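These notes are about the structure you will find just below.
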Amino acid sequence: MRPIGILGGTFNPVHYGHLRIAEELCDALDLDEVRLMPANLPPLRTAPGVSGAERLHMVRLGIAGNARLSVDEREVAKTSLCYTVDTLGELRAEFGPQRPICLMLGADAFARLHRWHRWRDLFELAHFAVAERGGHPSIATAPLDHGLAAELRARRVSEVALLAEQPAGAIYLAPTSVLQISATRIRALIGRGSSARYLLPPPVLDYIHERGIYRRLDES
Ligand code: ATP
């Protein structure tokens with residue numbers, strides 16, 4: 001059974017860093033599809049300051065024309081706090097016990113995994129595919145705390161084929177392109193009137209300019 005990929009995030013806004021890891025992991029892991037899942041009220045971060053509907057729309061614009069990428073609205077549609085462990089539980093119920101689910105995330109996010117709600121339970125629900133993140137230490141060499149290093153040692157696989165053979169529980173460090181792009185930098189560029197071209201898809205940038213998103217924020 002081909003695995004399904006999930007890329008969660010605030011997508012404030014979606015950019016080529018996100019889209020490129022989705023695209024590359026889709027090929028590398030032979031995924032059926034990748035669902036981009038914008039979060040609502042992420043528990044570990046300040047509220048994004050842009051509406052969930054706008055972030056969702058930007059994701060839709062960003063993935064337009066790519067049949068392998070889709071958007072999953074379940075988190076952004078909720079008004080209460082969402083935890084990944086609950087969302088993965090829902091997906092597991094939908095896809096059944098055998099279908100491999102790969103949660104994709106950047107090295108920066110993986111290094112903070114021990115702060116996620118019931119983080120150890122996540123390994124019962126999904127595999128992890130961790131992408132390098134420019135400006136952050138590689139997970140293979142980074143000092144990891146709070147039991148994460150032990151989990152990585154025990155669960156790390158280097159053969160992608162193994163991800164298709166079991167539904168959850170493995171960690172794959174993916175050799176993806178390192179694009180040093182962040183939403184924080186894009187917000188800061190737009191906020192001060194500088195160009196963010198070539199960091200994100202043109203329709204997303206056009207929408208940001210049309211709506212005055214990030215120009216109307218004090219925060220970046
Ligand atoms: P911000 O700058 O607002 O923190 P971000 O650019 O990190 O945002 P998120 O939506 O928070 O974007 O990221 C969602 C997921 O995508 C995270 O797992 C993050 O590590 C990963 N990611 C984002 N940008 C990149 C990138 N350039 N390379 C690899 N992974 C990335």
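For the sequence shown, the positions run 1 to 220 when this note's numbering is used. No residue lacks a Cβ here, since even glycine has one placed at the ideal position from N, Cα and C. All values derive from a computational prediction rather than experimental measurement.
Item	Value
Report all residues from its chain with a CB closer than 7 Å to the CB of Gly-8; omit the five preceding and five following residues, and keep chain order.	Met-37, Ala-39, Thr-84
What does a CB cutoff of less than 6 Å around Gly-17 pick up in its chain, not counting 5 residues either side in sequence?	Leu-179, Ile-181
Since Gly-62 is in the alpha helix (DSSP H), which residue starts that stretch and which ends it?	52-63
With Pro-203 as the anchor, note down where its alpha helix (DSSP H) starts and where it stops.	202-211
Report, in whole angstroms, the separation of the C-beta atoms of Asn-12 and Val-71, which I expect to be a contact under 8 Å.	Wrong, their Cβ atoms sit about 14 Å apart, outside the cutoff.
Considering just the uninterrupted stretch of the beta strand (DSSP E) at Gly-169, what are its terminal residues?	That residue, Gly-169, is in no beta strand (DSSP E); it is neither H nor E in DSSP.
For the alpha helix (DSSP H) holding Phe-110, just list the boundary residues, first then last.	107-110
Could you give the DSSP three-state label for Phe-11: helix, strand or coil?	coil
Within a Cβ cutoff of 7 Å, which residues of the same chain sit near Tyr-214, ignoring the five residues on either side of it in sequence?	Arg-187, Ile-190, Gly-191, Ile-208
By the three-class DSSP mapping on this structure, what secondary structure does His-117 have?	coil
From the DSSP output, which residues share a beta bridge with Gly-5?	Val-34, Cys-102
Three-state secondary structure (DSSP) at Ala-39?	coil
Is Ala-109 near the ligand ATP, in the sense that its beta carbon is under 8 Å from a heavy atom of that ligand?	yes
Tell me the DSSP bridge mates of Arg-92?	BP columns for Arg-92 are empty, so no partner.
Looking at Ser-158: is its Cβ nearer than 9 Å to the Cβ of Arg-20?	no
Give the C-beta separation of Val-204 and Ile-171 to the nearest angstrom, bearing in mind that I take them to be a contact with Cβ-Cβ under 8 Å.	The pair is not a contact, with the Cβ atoms about 31 Å apart (cut-off 8 Å).
Report the three-state DSSP secondary structure of Leu-29 (helix, strand or coil).	coil
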